[in-house]
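Residue numbers (my numbering): 1 to 205.
Positions of the beta carbon are idealized from the N, C-alpha and C atoms, including for glycine.
Step one of this worksheet: look at the structure below.
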């Protein structure tokens with residue numbers, strides 16, 4: 001059996017602009033093929049099992065050509081055992097921020113990758129502790145619109161950075177992709193990460 005040719009780009013099975021930006025800043029050429037999957041939480045499914053299942057489901061739902069390498073990820077915010085998804089509207093966003101105020105929550109990201117018959121997966125957890133967020137700050141942040149499309153109703157890379165007291169673990173994990181761990185994963189499925197980065201100068205197709 002002949003070996004697969006080394007890829008010059010990564011297929012990203014995600015429409016997240018934040019994940020794409022993180023990977024491109026790290027030197028990878030990216031081709032986006034958005035996964036369309038049912039993200040409903042299964043009965044009795046714990047947060048970490050949910051995020052791992054979705055990452056794998058996203059990867060498997062996107063077709064790839066021979067030789068292509070694919071990466072999929074899913075990120076959730078867990079607070080007191082509950083998954084905090086994207087808010088339904090401003091009121092829910094404000095409610096979530098009040099709950100997180102002065103407390104510690106966890107951000108879980110599962111990453112699933114494959115190249116040919118080689119596949120792998122990682123789960124990375126980061127603990128985030130918020131400062132006390134005043135009512136005026138909650139109102140200001142929600143009015144700005146930033147939390148309305150974010151899991152957990154905040155973006156650590158945006159204005160909400162001012163609300164964060166401490167981060168224990170990967171900061172890029174909270175943004176949506178744990179970079180160092182993801183690069184290790186790519187090497188673990190047989191990719192030459194340095195060659196892949198150098199090949200990116202040719203651009204994605």
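6 is the residue among 140, 159, 152, 6 whose C-alpha sits nearest the C-alpha of residue 65. Secondary structure at residue 153: helix, using DSSP grouped into helix, strand and coil. The continuous beta strand (DSSP E) containing residue 125 extends over residues 118 to 130. The Cβ atoms of residue 52 and residue 110 sit closer than 8 Å to each other. According to DSSP, residue 108 shares a beta bridge with 76, 125.
Here the alpha carbon of residue 166 sits roughly 32 Å from the alpha carbon of residue 10. Put simply, of 46, 21, 57, 48 the residue whose alpha carbon is nearest the alpha carbon of residue 38 is 57. 15 is the residue among 15, 46, 40 whose C-alpha sits nearest the C-alpha of residue 32. Note on residue 198: under 16 other CB atoms within 10 angstroms of its CB, so exposed under the neighbour-count rule. Across the set 176, 107, 8, 42, the C-alpha of 8 shows the shortest separation from the C-alpha of residue 30.
Residue 69 has its alpha-carbon roughly 18 Å from the corresponding atom of residue 178. 8 Å or more divides the Cβ of residue 190 from the Cβ of residue 105.
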